[in-house]
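Under my numbering, the first residue of the sequence shown carries the number 2, and numbering increases by one thereafter. Remarks on the structure that follows.
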Amino acid sequence: MTRTRERRTQAERRAHTHAALLDATTRCLVERGYSRTSTNDIIRIAGVSRGALLHHFASKAELLGAAVDHVVTRCEVEFRESFAALPVAERTLERAVDQLWDLFRGPSFDAALELLVAARTDRELRVVLQDVLARFERNVSADFAMLFPAT
Numbered sequence: 002m003t004r005t006r007e008r009r010t011q012a013e014r015r016a017h018t019h020a021a022l023l024d025a026t027t028r029c030l031v032e033r034g035y036s037r038t039s040t041n042d043i044i045r046i047a048g049v050s051r052g053a054l055l056h057h058f059a060s061k062a063e064l065l066g067a068a069v070d071h072v073v074t075r076c077e078v079e080f081r082e083s084f085a086a087l088p089v090a091e092r093t094l095e096r097a098v099d100q101l102w103d104l105f106r107g108p109s110f111d112a113a114l115e116l117l118v119a120a121r122t123d124r125e126l127r128v129v130l131q132d133v134l135a136r137f138e139r140n141v142s143a144d145f146a147m148l149f150p151a152t
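Set out below in structure tokens:
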């Protein structure tokens, strides 16, 4: 029996490459820290070419900012899903804060912390991260306002 595989669309291939770069960047930051994270290591781990990296991200700061945004977005989704999975009686403000705090203690968030410290002395990275963190703050505030309108 001949097995045929459907060819992925250009959009699917692009999304896969983009995600691979962000995951590889996060992995490098967690395992090696900011100072030892190089774009060469990122492309090797992601399994892509330097051209693919440059096609998706114009600078290292842009890549690092996108990686933090990727981590933060994943944390927001995990929080919403885990909180929604709780029995209604357990959906308290205290439980929500505890669940959010658990996300901040995970290894993926270590990557964000690496960049927050680095942004203190790297102006380009600081500008990128300010946008990501402002969006995160707005999203968490909106989630809590929706979940606990009377609080």
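Heads up, the beta-carbon is just placed ideally off N, CA and C, and yes, glycines get one too. Just so it is clear, the structure is predicted and the values come from calculations on it, not from any experiment.
Would you mind reading off the limits of the alpha helix (DSSP H) that contains residue i?
i	result
E7	Run containing E7: none; DSSP gives neither H nor E here.
S109	P108 to A119
H52	For the record, residue 52 in the displayed sequence is Gly; it is not His. R51 to H57 is the extent of the alpha helix (DSSP H) around G52.
R92	Segment: none, R92 is in no alpha helix (DSSP H) and carries neither H nor E.
T40	T40 to A47
Report buried or exposed for residue i, applying the criterion of at least 16 other Cβ atoms within 10 angstroms of its Cβ.
i	result
S109	buried
F105	exposed
G52	exposed
L64	buried
L94	exposed
T38	buried
V49	buried
A90	exposed
F149	exposed
E82	exposed
T122	exposed
Helix or strand or just coil, what does DSSP make of residue i?
i	result
V31	helix
F149	coil
L87	coil
S142	helix
T74	helix
R37	coil
S18	Residue identity check: residue 18 is Thr in the sequence provided, not Ser. Of the three classes helix, strand and coil, the one that applies to T18 here is helix, per DSSP.
D153	In this structure the chain extends from 2 to 152, so residue 153 is not present and cannot be described.
T122	coil
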